[in-house]
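Quick note: the sequence shown uses this note's numbering, first residue 9, plus one each step.
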Amino acid sequence: MSSPACRPGLPAPRRQATLLPRPAAPLSASKRAVHRTRPAHSTFEFSSSPGRRRRARVISSCHGGMVERRRLLLIPAISLTIGSLQYSLEKGAAKAEFTDMPALRGKDYGKTKMSYPDYTETESGLQYKDLRVGEGPSPKKGETVVIDWDGYTIGYYGRIFEARNKTKGGSFEGGDKEFFKFKVGSGQVIPAFEEAMTGMRPGGVRRIIVPPDIGYPNNDLNKLGPKPTTFSGQRALDFVLRNQGLIDKTLLFDIELIRIIPSQ
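In structure tokens form, the structure reads like this:
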């Protein structure tokens with residue numbers, strides 16, 4: 009029996025062509041060079057497709073944004089480092105330029121001297137005002153004076169460190185205590201007290217404002233009188249005198265001359 013293809017009157021069957029894959033076009037020399045140098049993680053492709061070109065632009069813009077963010081984050085850190093270095097250099101220069109001089113401590117240099125109205129100022133810087141004028145002769149050198157006194161840290165919150173036995177001239181009232189005595193011209197008291205006796209008379213009350221130069225020598229209340237009679241008063245005065253800061257060590261005293269004991 010003959011095959012259908014050989015039967016008369018029937019068309020001969022067609023052979024179906026087998027489609028083979030088209031070989032890829034060889035890369036040009038320039039593309040081969042780029043392909044060899046392209047990183048493995050890169051997603052860039054050589055294509056004329058608009059979508060792929062757009063994706064390449066997005067990747068490039070993202071990479072540029074990351075670089076810009078890193079740069080912005082580094083700016084504050086660099087500025088802080090430069091500022092710290094500059095501060096260290098300035099601090100070191102200040103230490104090299106200024107030297108601590110113990111001889112100048114407690115001298116109140118650079119402070120404006122206060123002048124009080126209605127007060128008389130002497131050549132030493134003592135300022136005084138008579139709250140009450142006494143009667144009789146003034147004390148002479150070698151005579152012993154009996155006084156009562158108040159003391160205030162007028163340059164530091166006006167704290168009282170000694171109160172008089174009675175209220176005189178609007179002052180505070182203290183506890184009972186013996187009156188303070190000293191011999192005029194003996195160097196037993198601070199220079200301001202010696203000078204304050206000049207011109208005073210028994211029964212008089214004189215208020216004096218004492219700068220540090222004629223107050224307690226070397227800011228030590230134990231060397232010369234008068235000395236506060238209470239522990240709290242001594243501590244209050246000592247705090248101001250020994251403070252190495254910018255505390256004003258100006259003091260205020262109210263002095264009452266009770267009587268004069270003639271020299272023997």
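By construction, the Cβ of each residue, glycine as well, lies at the ideal position given by its N, Cα and C atoms.
Anticipated Cβ contact below 8 Å, residue 170 with residue 241, distance rounded
In the sequence shown, counting from the first residue as 1, residue 170 sits at position 162. In the sequence shown, counting from the first residue as 1, residue 241 sits at position 233. Confirmed, Cβ separation roughly 5 Å.
For residue 130 and residue 202, which I take to be in contact (beta-carbon distance under 8 Å), what is that distance rounded to the nearest angstrom?
Position 122 of the sequence shown, counted from the first residue, corresponds to residue 130. Position 194 of the sequence shown, counted from the first residue, corresponds to residue 202. Their Cβ separation, rounded to whole angstroms, is 12 Å, which puts residue 130 and residue 202 out of contact at 8 Å.
Cutoff 8 Å; reference residue 303; Cβ partners in own chain excluding five residues on either side:
Absent from the structure is residue 303, since the part of the chain shown begins at 9 and ends at 272.
Alpha carbon of residue 230 to alpha carbon of residue 271, nearest angstrom:
Numbered from its first residue, the sequence shown carries residue 230 at position 222. Numbered from its first residue, the sequence shown carries residue 271 at position 263. Residue 230 and residue 271 have their C-alpha atoms roughly 26 Å apart.
Have a look at the DSSP bridge pairing and note the partners of residue 130.
One-based indexing of the sequence shown puts residue 130 at position 122. Beta-bridge partners assigned by DSSP to residue 130: none are found.
Tell me whether residue 264 is buried or exposed, calling it buried when 16 or more other Cβ atoms sit within 10 Å of its Cβ.
Your numbering for residue 264 matches position 256 in the sequence shown. Taking a 10 Å sphere around the C-beta of residue 264, we find 16 or more other C-beta atoms and assign the residue as buried.
With DSSP as the reference, identify every bridge partner of residue 242, one or two as the case may be.
Here residue 242 refers to the residue found at position 234 of the sequence shown. Here residue 242 is not bridged, per DSSP, to any residue.
Taking only three categories from DSSP, how would you classify residue 192?
Stepping through the sequence shown from its first residue, residue 192 is reached at position 184. Shown here, residue 192 sits in coil according to DSSP, grouped into three states, outside any helix or strand.
Kindly indicate which three-state DSSP category residue 162 falls into: helix, strand or coil?
Here residue 162 refers to the residue found at position 154 of the sequence shown. The three-state reading of DSSP puts residue 162 in coil, since its state is none of H, G, I, E or B.
Nearest candidate by alpha-carbon position, reference residue 146, set 212, 137, 135:
As a first step, residue 146 is located in the sequence shown; it is residue number 138 there, counting from the start. Taking only the C-alpha atoms, the option nearest residue 146 is 212.
Have a look at 199, 260, 261 and flag the residue whose alpha-carbon is nearest the alpha-carbon of residue 232.
Stepping through the sequence shown from its first residue, residue 232 is reached at position 224. The residue with the shortest Cα to Cα distance from residue 232 is 199.
Assign residue 149 to one of two classes, buried (16 or more other C-beta atoms within 10 Å of its C-beta) or exposed (fewer than that).
Counted from its first residue, the sequence shown places residue 149 at position 141. Result: exposed.
Could you check the C-alpha separation between residue 128 and residue 216 for me, to the nearest Å?
One-based indexing of the sequence shown puts residue 128 at position 120. One-based indexing of the sequence shown puts residue 216 at position 208. Taking the straight line from one Cα to the other gives about 9 Å.
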